[in-house]
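Quick mapping for you: the protein sequence lines, in order, are chains A and B.
Residue 353 in full-length UniProt numbering sits at position 353 of the first sequence, and the numbers go up by one each step.
Residue 56 in full-length UniProt numbering sits at position 56 of the second sequence, and the numbers go up by one each step.
Backbone N, C-alpha and C define an ideal beta-carbon position, used for all residues, glycine too.
Owing to the predicted nature of the structure, the values given are computational and were not obtained by experimental measurement.
2 protein chains.
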Amino acid sequence: MFKYELLAHSSECKARVGRITTDHGTIETPIFMPVGTRATVKTMTPEEVKELGAQIILSNTYHLFLRPGKDIINKAGGLHKFMNWDKPILTDSGGFQVFSLSKRRKITEEGVEFRSHIDGSKQFISPEISIDMQNTLGSDIIMAFDECAPYPANRSYIEHSMMRTSRWAKRCKEFHKNTDKQALFGIVQGGMYKDLREISAKSLVDLDFPGYAVGGLSVGEPEDLMIDVLNFTTDYLPENKPRYLMGVGSPDYLFEAVQYGIDMADCVLPTRIARNGTAMTSKGKIVIKNAKYKEDFTPLDHDCDCYTCKNYSRAYIRHLFNVNEILAYRLVTIHNLHFLLNLMKGIRKSIIDDRFMEFKNNFYKNYGYEK
Amino acid sequence: MFKYELLAHSSECKARVGRITTDHGTIETPIFMPVGTRATVKTMTPEEVKELGAQIILSNTYHLFLRPGKDIINKAGGLHKFMNWDKPILTDSGGFQVFSLSKRRKITEEGVEFRSHIDGSKQFISPEISIDMQNTLGSDIIMAFDECAPYPANRSYIEHSMMRTSRWAKRCKEFHKNTDKQALFGIVQGGMYKDLREISAKSLVDLDFPGYAVGGLSVGEPEDLMIDVLNFTTDYLPENKPRYLMGVGSPDYLFEAVQYGIDMADCVLPTRIARNGTAMTSKGKIVIKNAKYKEDFTPLDHDCDCYTCKNYSRAYIRHLFNVNEILAYRLVTIHNLHFLLNLMKGIRKSIIDDRFMEFKNNFYKNYGYEK
């Protein structure tokens, strides 16, 4: 089953609170989804991810398609069982990764031929193959196979690509077998061209998907442009369906996304920068490897009650990074995921209390954003 | 405080059960001590190590001496606080690591000058410096600074080295300031020469340490020789003090150690082979990366109730190793430590029930040891 309920709406902006119900549990929105690319949220056990308050994770069809492959996931009884995660999962379509292999792929109307980033072997993904793989994965939310066009790109390229993405969305919908257990989302493209975004959104809404994603944003364009296109696009998406902004995970982009009507977002950012030793804190980012933390026996973030901040000092975490200990990556990953999940919790509450803008402005002031 | 109580003795061999009491808690012996070289048991949180039943961990003075250094540990309030571990800690003296740098060190009566394995900087450790560092670390059991001689080595080298180790032991004891909180163990050396082992043991027993280690074994000599020298040596150690065999962590060596009167042992083996994908199971070792586990959806060990075996399949763990995910190292580390700690629990019970030899023989038969 799949259900979206709109529970509260800000009076100041497009921010909204809702609830998604799936076979693997409910998701309070707006939500940030930690990424478990290869059937694991890097460095973490599923129990830890759950304890941090994650209600849904994202996993990547492209990576799982190559390793361990469809056959093994099928025999394991699906992705939930394989990786020991019993809450909702969203899988992407593989499109983003395939199109990132810019010089190693060939697009036709049928699909995309590409060379594996692992062994160079020739592979092919079409809308049907992507949905078939996602049906096998058994994820609660699956994504239509789309092209995430690069930025900048000329209008005719974007138009051509966006129209094909809409045709592919239709093929995905027709092929999708498991509609009672897995909700298929369409993905709006159209680059930075508003009229193309409008055409894209309308064509997908005509197909009546249970949810919609905004793709092709946060791909290198200026923030103002991203916000402008996002704000324009969400106006064309139905109020009674969830909206997902793909690939966004910095605190400011999450605030902007919510302000302009987004319910879901994902990004590798918090976990990736964690492994490089960067912690998100209520006072901005800190690079824990810096010498100034050598004898700093305070926690990463004074305002944080995560496991890491309750038990370890900056000096200890810096030591762990200095000697390349795996616990270092774990501790900062825990902290960063807690930070974002807790932020989203605060955002949800602020919308219910109808003081989202105040909450946002206070956060920006403390975090050091100049807005 | 430091107290050893002998609680039970096998009627068949020298195996014994005891209890060590320290300021940070009690230790039921015989015990295996997981190694936390650089103030962390690799890949694990302290809570996880505790949950597995570890009663004491070992940490390495040499590594902590170089990074983060004495000053930072001192300011942190000692090693327990620095690393968030509130149970007993044993630290080695640094001797083993310094003497492993065979071409980068110069031994004098005063101590050892060596070049750091990290940056090549010139460093010096003497018995006094080692004890001073261990006093700062605040570990519950500290070790005298010794030379662990190589195998094979000629008699005159071993004799000379062993005599110096005894002189250093005396200096360690004289320098040791914190005797009410930290128990200093002497280390018997003497290579494979029984008469030298006897001299070493007697000279240390004369100094009346609260516990004794057997060093310089399991350094490449045949197993029979190791057992013979160990059996000979423990006869010269007092019944009312704990005995620690350094650097032993394979199941067979642990059984042999206990059979010949050892109470404590440590080794990086279980955690190191875990990170290379080798799991210890009741049916012997398995190399999880092997292709034959690709579609094996059973746990690492059918007879195991650890977190890993309760929740994950061999196929999933193999996938994690294939794609170099950190969770792979964590899951097999948890399993291997559980395996050894659980084995020691079984050994303790078998001694109390006075059926140690039966327990050992059954284990060897299942594990595939040819004895």
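{"Asked": "Looking at the unbroken beta strand (DSSP E) that takes in Q123 of chain B, where does it start and where does it end?", "Found": "K122 to I125"}
{"Asked": "Taking 9 angstroms as the threshold (C-beta atoms), are D263 of chain B and P242 of chain B in contact?", "Found": "yes"}
{"Asked": "Give the single residue among A:A39, A:E110, A:L66 and A:R355 whose Cα lies nearest to the Cα of N84 of chain A.", "Found": "A:A39"}
{"Asked": "Can you check which of these residues, B:Q97, B:T108 and B:L7, is closest to H117 of chain B by C-alpha distance?", "Found": "B:Q97"}
{"Asked": "So, does the CB of H319 of chain A fall closer than 9 angstroms to a CB anywhere in chain B?", "Found": "yes"}
{"Asked": "Around the C-beta of P30 of chain A, are 16 or more other C-beta atoms found within 10 angstroms, so that it is buried, or is it exposed?", "Found": "buried"}
{"Asked": "Which residues of chain A have a Cβ atom closer than 8 angstroms to the Cβ of N84 of chain B, listed in chain order?", "Found": "N311, Y312 and Y316"}
{"Asked": "Could you give the DSSP three-state label for H9 of chain B: helix, strand or coil?", "Found": "strand"}
{"Asked": "When the Cα of N336 of chain A is compared with those of A:R318, A:C306, A:R355 and A:I326, which residue comes out closest?", "Found": "A:C306"}
{"Asked": "What does the alpha-carbon distance come out to for the pair V219 of chain A and K81 of chain A?", "Found": "33 angstroms"}
{"Asked": "Report yes or no: is there a C-beta of chain B within less than 9 angstroms of the C-beta of K294 of chain A?", "Found": "yes"}
{"Asked": "Listing by chain order, which chain E residues have their CB less than 7 angstroms from the CB of R38 of chain B?", "Found": "Annotation note: the requested chain E is absent from the structure, which comprises protein chains A and B."}
{"Asked": "Against chain B, with Cβ distances strictly below 9 angstroms, would H63 of chain A count as a contact?", "Found": "yes"}
{"Asked": "Between T179 of chain A and P251 of chain B, what straight-line distance do the alpha-carbon atoms span, to the nearest angstrom?", "Found": "52 angstroms"}
{"Asked": "Does the beta-carbon of R16 of chain A have 16 or more other beta-carbons within 10 angstroms, so that it is buried, or is it exposed?", "Found": "buried"}
{"Asked": "I'd like to check one pair, L196 of chain A with E147 of chain A: are the Cβ atoms closer than 9 angstroms?", "Found": "no"}
{"Asked": "Would S166 of chain A pass as an interface residue toward chain B - the criterion being a Cβ-Cβ separation below 9 angstroms?", "Found": "no"}
{"Asked": "Any beta-carbon of chain B closer than 9 angstroms to the one on F363 of chain A?", "Found": "no"}
{"Asked": "For L254 of chain A, name the three-state secondary structure that DSSP assigns.", "Found": "helix"}
{"Asked": "Once DSSP output is grouped into helix, strand and coil, what is the label at M143 of chain B?", "Found": "strand"}
{"Asked": "From the DSSP output, read off the bridge partner residues of F32 of chain A.", "Found": "A:A265"}
{"Asked": "Following the continuous alpha helix (DSSP H) through G211 of chain A, name the residue where it begins and the one where it ends.", "Found": "G211 of chain A -> not in any alpha helix (DSSP H); beta strand (DSSP E) instead, spanning G211 to V214."}
{"Asked": "For chain B, is any of its Cβ atoms less than 9 angstroms away from the one on T298 of chain A?", "Found": "no"}
{"Asked": "What residues from chain A crowd round K75 of chain B, counting only those whose CB sits closer than 9 angstroms?", "Found": "E295, F297 and A315"}
{"Asked": "Give the straight-line distance between the Cα atoms of M143 of chain B and S156 of chain B, rounded to the nearest whole angstrom.", "Found": "25 angstroms"}
{"Asked": "Count the CB pairs spanning the stretch 233-249 of chain A and the stretch 183-202 of chain A that are closer than 8 angstroms, and state whether there are at least three.", "Found": "yes"}
{"Asked": "Taking Cβ positions, are K310 of chain A and Y367 of chain A nearer each other than 9 angstroms?", "Found": "no"}
{"Asked": "Considering only their Cβ atoms, is the gap separating G36 of chain A from N342 of chain A smaller than 9 angstroms?", "Found": "no"}
{"Asked": "In the DSSP output, what is S59 of chain B paired with across the bridge?", "Found": "B:T91"}
{"Asked": "Kindly list, in the order they appear in chain A, the residues whose Cβ is closer than 9 angstroms to that of K42 of chain B.", "Found": "E325, I326 and L327"}
{"Asked": "From G94 of chain B to Q134 of chain B, what distance separates their C-alpha atoms?", "Found": "10 angstroms"}
{"Asked": "Are there 16 or more other CB atoms within 10 angstroms of the CB of R171 of chain B, so buried, or fewer, so exposed?", "Found": "buried"}
{"Asked": "What residues in the stretch 258-284 of chain B have a beta carbon less than 7 angstroms from any beta carbon of chain A?", "Found": "none"}
{"Asked": "Check the Cβ-Cβ distances between P34 of chain A and every residue of chain B, and say whether any is below 9 angstroms.", "Found": "no"}
{"Asked": "State buried or exposed for R275 of chain A, treating a residue as buried only when at least 16 other CB atoms are found within 10 Å of its CB.", "Found": "buried"}
{"Asked": "By the criterion of Cβ-Cβ separation under 8 angstroms, what are the contact partners of R67 of chain A in chain B?", "Found": "H319, N322 and V323"}
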